[in-house]
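Written below as structure tokens is the structure these notes are about.
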Amino acid sequence: MKHTDIKVLLNNHDFTGKEITVCGWVRTSRNSKSVAFVEVNDGTSLKNIQVVVEKSADADYKEPRVGTAVKVTGTVVEGRNNTVEINTVPSGVEILGVCPSDYPLQKKGCSMEYLRSMPHLRGRTNTFNAVWRVRSVLAQAIHKYFQNNNYVYVNTPLITGSDCEGAGEMFNVTTIGYSDEYKNEEEYYSNDFFGRRAGLSVSGQLEGEVAAMAMGKIYTFGPSFRAENSNTPKHLAEFWHIEPEIAFAELPDVIEIAEDMLKTVIRELLDTCPDDMKFFDAHFEKGLVARLEELISHDFGKVTYTEAIRLLQESGENFVYPVEWGCDLQTEHERYISEKVFRKAVFVTDYPKEIKSFYMKQNPDGKTVAAVDLLVPGVGEIIGGSEREADYDKLVAAMNERNMNLDLYSDYLDLRKFGSVPHGGFGLGFERLIMYTTGMSNIRDVILYPRTVGSIR
Ligand code: 4AD
1098 MKHTDIKVLL NNHDFTGKEI TVCGWVRTSR NSKSVAFVEV NDGTSLKNIQ
1148 VVVEKSADAD YKEPRVGTAV KVTGTVVEGR NNTVEINTVP SGVEILGVCP
1198 SDYPLQKKGC SMEYLRSMPH LRGRTNTFNA VWRVRSVLAQ AIHKYFQNNN
1248 YVYVNTPLIT GSDCEGAGEM FNVTTIGYSD EYKNEEEYYS NDFFGRRAGL
1298 SVSGQLEGEV AAMAMGKIYT FGPSFRAENS NTPKHLAEFW HIEPEIAFAE
1348 LPDVIEIAED MLKTVIRELL DTCPDDMKFF DAHFEKGLVA RLEELISHDF
1398 GKVTYTEAIR LLQESGENFV YPVEWGCDLQ TEHERYISEK VFRKAVFVTD
1448 YPKEIKSFYM KQNPDGKTVA AVDLLVPGVG EIIGGSEREA DYDKLVAAMN
1498 ERNMNLDLYS DYLDLRKFGS VPHGGFGLGF ERLIMYTTGM SNIRDVILYP
1548 RTVGSIR
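Numbering (the numbering used here), first residue to last: 1098 to 1554.
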């Protein structure tokens, strides 16, 4: 169907006086005696195109209802305030799909909860239209950043036999149901599709390390799955994960890359989507654009876990979760550190080894590992990473301490046998980045179809 994107038309006065066709959905429709005004949106831009229909050409003209899909052919004219409009006659408005009166998005100002109940339609509101565009622009900016810096994009398996984070949050992948006929789990799994236990990957990191040990710098960009029973505004059971892995890199290098990557992609977002960002600033977080500009023009903060614990203990705040050295930082702690102490993005490093994963490089103090989390105001953690343990014996010892089955990780251990190098990487939660850059406060509102505990559609 030959037509012009509304975005192209709105940004280009060269079309003035020319005949043009646009397609889209009716956002508003007003009728007066001699003319009708129809605002049409096709998803390419936040702004609608106004269509002015000269009704005198057809007395029977019926205004299309909100939600109707239309194809409009008419002449491009200059509207008021330097805008672009289309002038047409009733026969220039072809109805492609009618929209009856029970269309749920007739009224403006529907609540986010209400919109969440219709994931298949909510994309037609300004808010979700803008979110999906920002999501797309951020995705390409991330690819561009890594491609420009010589990283190789790799696709790691989604079905895996090993639990990367070791937190027992893996969804099982099975084609047979468990039954009492099996003597034990081992017998059950041996009868299953893969002949052993398999699950959906919680992270592509372990395979990412395999690729980095050949290609030097790699990144993944794909879904990760976590069967966490966390019904919070920032947890999904299926989220999109960006995981760079870098050979010949130590923790400070990993931190530098994470900061540079975030600043670069946020710059690109602000430059590419000014209308969408202004919209979020006006409707979701006052001062959002200024906050992001501020973020990218200053160094991120840095603090060790031990120092962060001291700051929290001396804060005088009444936290729900008690703070002591060795505890996992909760969202309330993360937000206090980034919002009250640093008032900006802050890297927290060197966590106690007991609360972090087996693969992290053990620090000389014997108590902490070379881990890093990036905390941002409003959201909390958006990045988790580390330098990896590159020493075979130390890695085996850490795995044994956690009673891990070494046979399942033989490929991973081989990397430490054959030309092991210092290396590290991080994981960025894509939806958390979108929350942070749009001011959307619930992760369910930045992904097309959220999957959360007890909810799938
Ligand atoms: O801190 P995490 O668990 O780290 C890893 O998975 C490492 N393997 C990453 C690496 O070093 N390559 O997860 C990384 C990020 C978190 O900071 C968070 O942004 C996001 O993934 N994330 C989630 N996002 C949405 N819903 C969930 N349930 C998430 N769990 C983690």
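Beta carbons: idealized from backbone N, C-alpha and C, even for Gly.
Assuming residue i is part of the alpha helix (DSSP H), what are its boundary residues?
i            : result
residue 1514 : 1507-1514
residue 1205 : Note, residue 1205: premise wrong, no alpha helix (DSSP H); not H, not E.
residue 1136 : Premise fails: residue 1136 lies in the beta strand (DSSP E), 1132-1138, not in any alpha helix (DSSP H).
residue 1401 : Looking at the DSSP string, residue 1401 is not in any alpha helix (DSSP H); the run it does join, the beta strand (DSSP E), is 1398-1401.
By the three-class DSSP mapping on this structure, what secondary structure does residue i have?
i            : result
residue 1527 : helix
residue 1343 : strand
residue 1480 : strand
residue 1460 : coil
residue 1116 : strand
residue 1519 : coil
residue 1470 : strand
residue 1177 : helix
residue 1502 : coil
residue 1338 : strand
residue 1182 : strand
residue 1317 : strand
residue 1388 : helix
residue 1122 : strand
residue 1428 : helix
residue 1408 : helix
Hey, how far is the Cα of residue i from the Cα of residue j?
i            : j            : result
residue 1250 : residue 1316 : 5 Å
residue 1353 : residue 1371 : 27 Å
residue 1165 : residue 1193 : 8 Å
residue 1254 : residue 1302 : 10 Å
residue 1184 : residue 1304 : 57 Å
residue 1125 : residue 1437 : 43 Å
residue 1102 : residue 1177 : 21 Å
residue 1479 : residue 1526 : 6 Å
residue 1181 : residue 1234 : 25 Å
residue 1236 : residue 1206 : 29 Å
residue 1490 : residue 1268 : 30 Å
residue 1083 : residue 1482 : The question about residue 1083 has no answer, for the chain in this structure spans 1098 to 1554.
residue 1460 : residue 1424 : 18 Å
residue 1471 : residue 1384 : 22 Å
Below 6 Å CB to CB, which residues in the same chain sit around residue i once its five sequence neighbours on both sides are set aside?
i            : result
residue 1393 : 1360, 1363 and 1364
residue 1477 : 1428, 1431 and 1432
Following the continuous beta strand (DSSP E) through residue i, name the residue where it begins and the one where it ends.
i            : result
residue 1434 : It is not in any beta strand (DSSP E) - residue 1434 carries neither H nor E in the DSSP assignment.
residue 1193 : 1190-1194
residue 1447 : 1443-1449
residue 1151 : 1146-1151
Return the Cβ separation of residue i and residue j in integer angstroms, given the expectation that the two are a contact with Cβ distance under 8 Å.
i            : j            : result
residue 1333 : residue 1528 : 6 Å
residue 1239 : residue 1318 : 7 Å
residue 1412 : residue 1473 : Between residue 1473 and residue 1412 the Cβ distance is about 19 Å, and since that is not below 8 Å, they are no contact.
residue 1537 : residue 1381 : 6 Å
With a threshold of 7 Å on Cβ separation, who are the neighbours of residue i within its own chain once the five nearest residues in sequence on each side are excluded?
i            : result
residue 1270 : 1256, 1295, 1296 and 1297
residue 1247 : 1314
residue 1530 : 1235 and 1479
So, for residue i: in the same chain, excluding its five sequence neighbours on each side, which residues have a beta-carbon less than 8 Å away from its beta-carbon?
i            : result
residue 1520 : 1306, 1309, 1310, 1342, 1343, 1344, 1345, 1346, 1484, 1485 and 1487
residue 1225 : 1212, 1219 and 1542
With hydrogens ignored, establish whether the beta-carbon of residue i is closer than 7 Å to any heavy atom of ligand 3.
i            : result
residue 1520 : Within the structure as shown, ligand 3 is missing, the only ligands being ligand 1.
Under 8 Å between C-beta atoms, does residue i make it to chain D?
i            : result
residue 1240 : Chain labels in this structure do not include chain D; a single protein chain is all it has.
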